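J.: Numbering-wise (this note's numbering), the sequence shown opens with residue 1 and increments by one. Heads up, the beta-carbon is just placed ideally off N, CA and C, and yes, glycines get one too. Source: prediction; values computed, not measured.
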Amino acid sequence: MFAFHSVTYDIGHGLHKLRVFDDLSVGIPDSRNLIVLGHPGSGKTAFLRLLDGREKPTQGWVEKRGTFSPLGGLARFATPTTTIRGLIAKFARIYKVDVKTLTALIEWLCGFDGGLERQIATLPPLERRVFDYALVYGIPFDHYMFDGSATPRHPQAEERFQQVLANRMRTKRLILTTRTPRLAAAFQGSGAIVGGGTIRLYPTVAEAIDAFQKLPPPLIIPLVASTATTPNEEEVEI
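Listed below in structure tokens is the structure:
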């Protein structure tokens with residue numbers, strides 16, 4: 001489970017300061033997925049970054065129980081010379097998982113068919129993205145966090161990732177943020193809408209989608225541009 005206790009979160013300074021969350025208190029039990037809808041610039045990514053721990057609240061505190069997958073994946077921890085096999089072995093040791101099992105799963109998900117000695121820095125962007133998702137799903141976290149899409153949406157690998165996702169969700173939980181009701185509708189669990197400095201919770205994803213579709217277009221101008229966009233997904237976020 002996780003909870004935000006009186007969390008206020010500001011970005012920027014002085015005249016450029018923006019209050020993303022204002023005295024936010026919300027708690028989610030570990031028995032359900034949480035699918036969060038929000039317009040661009042509403043605070044979806046900030047919500048995940050606070051939960052991830054890479055950002056700290058201006059005021060208040062975040063409570064977490066269980067393990068949470070790192071937002072943005074694990075491939076970013078590779079050095080210029082780190083190989084695919086080397087990074088797999090590193091995180092197998094850190095998270096205490098069997099390296100052979102993890103390697104086999106990643107090979108199957110990515111369709112590498114060997115070639116694990118390649119340096120991660122040399123992978124094309126899409127192949128690196130697929131590997132990043134595979135590495136995260138290969139580790140048994142209690143909660144999997146994704147900003148925009150729970151799979152890499154790669155035509156050749158999508159079916160395999162959907163299989164692993166369905167298997168993980170039998171015992172684990174998903175925290176997904178999106179601006180796209182169509183993507184949100186694919187999941188069961190609790191729903192939420194982020195915006196206006198707060199998060200509104202709904203018993204089901206369907207109820208959150210219905211409320212979200214009735215909202216007026218946002219007036220806020222997003223401040224931070226994402227460098228990793230995908231079709232029909234988040235293009236600018238805070």
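Is the CB-CB distance between MET1 and ARG65 below 7 Å?
T.: Position 1 of the sequence shown, counting from 1, holds the residue named residue 1. Position 65 of the sequence shown, counting from 1, holds the residue named residue 65. Yes; because the gap between Cβ atoms is below 7 Å, this pair is in contact.
J.: Does DSSP put GLY115 in a helix, in a strand, or in coil?
T.: Along the sequence shown, one-based indexing puts residue 115 at 115. Three-state result, GLY115: coil.
J.: Return the CA-CA distance between GLY43 and ALA150, expressed in angstroms with no decimal places.
T.: Here residue 43 corresponds to residue number 43 of the sequence shown, with the count starting at 1. Here residue 150 corresponds to residue number 150 of the sequence shown, with the count starting at 1. Whole-angstrom Cα-Cα distance: 18 Å.
J.: Spatial neighbours of GLU234 within its chain, please: CB distance less than 7 Å, with the 5 preceding and 5 following residues excluded, ordered by chain position.
T.: Position 234 of the sequence shown holds residue 234. Reliability of the predicted coordinates at GLU234 is poor, the pLDDT of 42 falling under 50, and the value obtained from them is presented with this limitation in mind. Excluding sequence neighbours, GLU234 sits near PRO40, ASP147, GLY148, ARG179 and SER226.
J.: Return the chain-ordered list of same chain residues with a C-beta closer than 8 Å to the C-beta of HIS143, the five sequence neighbours on each side being excluded.
T.: Residue mapping note: residue 143 aligns to position 143 of the sequence shown, counting from 1. Around HIS143: PHE2, ASP30, GLY66, THR67, PHE68, SER69, LYS172, ARG173, LEU174 and ILE175.
J.: According to the neighbour-count rule (16 or more other Cβ atoms, all chains shown, within 10 Å of its Cβ), is ALA75 buried or exposed?
T.: What you label residue 75 is simply residue 75 of the sequence shown in a count that begins at 1. When all chains shown are included, ALA75 counts as buried.
J.: On the three-pair Cβ rule with 8 Å, is the stretch 207-216 touching the stretch 188-199?
T.: Because the criterion of three Cβ pairs below 8 Å is met, the stretch 207-216 and the stretch 188-199 touch.
J.: In angstroms with no decimal places, state the Cα-to-Cα distance between TYR95 and THR103.
T.: Residue mapping note: residue 95 aligns to position 95 of the sequence shown, counting from 1. Residue mapping note: residue 103 aligns to position 103 of the sequence shown, counting from 1. In a straight line, the C-alpha of TYR95 is about 14 Å away from that of THR103.
J.: Which of the three DSSP states is assigned to ALA192 in this structure?
T.: Position 192 of the sequence shown, counted from the first residue, corresponds to residue 192. In this structure, ALA192 counts as strand in the three-state DSSP scheme.
J.: Out of curiosity, what's the CA-to-CA distance linking PRO216 and GLY38?
T.: As a first step, residue 216 is located in the sequence shown; it is residue number 216 there, counting from the start. As a first step, residue 38 is located in the sequence shown; it is residue number 38 there, counting from the start. For PRO216 and GLY38, the distance between alpha carbons rounds to 12 Å.
J.: Assuming contact is defined by CB atoms lying nearer than 7 Å, are PRO161 and ASN33 in contact in what I supplied?
T.: In the sequence shown, residue 161 corresponds to position 161, counting from 1. In the sequence shown, residue 33 corresponds to position 33, counting from 1. The sequence as given places Phe at residue 161; Pro does not occur at that position. Not closer than 7 Å, so no.
J.: Please report the straight-line C-alpha distance between VAL164 and LEU15, rounded to a whole angstrom.
T.: Here residue 164 refers to the residue found at position 164 when the sequence shown is read from its first residue. Here residue 15 refers to the residue found at position 15 when the sequence shown is read from its first residue. Rounded to the nearest angstrom, the two C-alpha atoms are 46 Å apart.
J.: Are ASP10 and GLY197 touching if we call contact CB-CB under 7 Å?
T.: Here residue 10 refers to the residue found at position 10 of the sequence shown. Here residue 197 refers to the residue found at position 197 of the sequence shown. Result no, Cβ atoms of ASP10 and GLY197 do not sit closer than 7 Å.
J.: Hey, would you say LEU105 sits closer than 7 Å to GLY138, going by beta carbons?
T.: For the purposes of this step, residue 105 is taken as residue 105 along the sequence shown, with counting starting at 1. For the purposes of this step, residue 138 is taken as residue 138 along the sequence shown, with counting starting at 1. Contact flag set, yes.
J.: If you drop the 5 nearest sequence neighbours on each side, which residues of the same chain put their C-beta closer than 8 Å to that of THR8?
T.: Residue numbering aside, residue 8 sits at position 8 when the sequence shown is read from its first letter. Correct list, in chain order: ARG19, PHE21, ASP22, ASP23, LEU24, PRO57, THR58, GLN59 and GLY60.
J.: Once DSSP output is grouped into helix, strand and coil, what is the label at VAL205?
T.: In the sequence shown, residue 205 corresponds to position 205, counting from 1. Residue state, collapsed to three classes: helix.
J.: Quick one: complete alpha helix (DSSP H) runs, 4+ long, within the stretch 22-82?
T.: The qualifying runs are 44-52.
J.: So, is LEU252 buried or exposed, given that buried needs 16 or more other C-beta atoms within 10 angstroms?
T.: With the chain covering 1 to 238 only, the question about residue 252 has no answer from this structure.
J.: Where does VAL7 sit, in a helix, a strand or coil, going by DSSP?
T.: Within the sequence shown, residue 7 is the residue found at index 7, counting from 1. DSSP places VAL7 in strand when its eight states are reduced to three.
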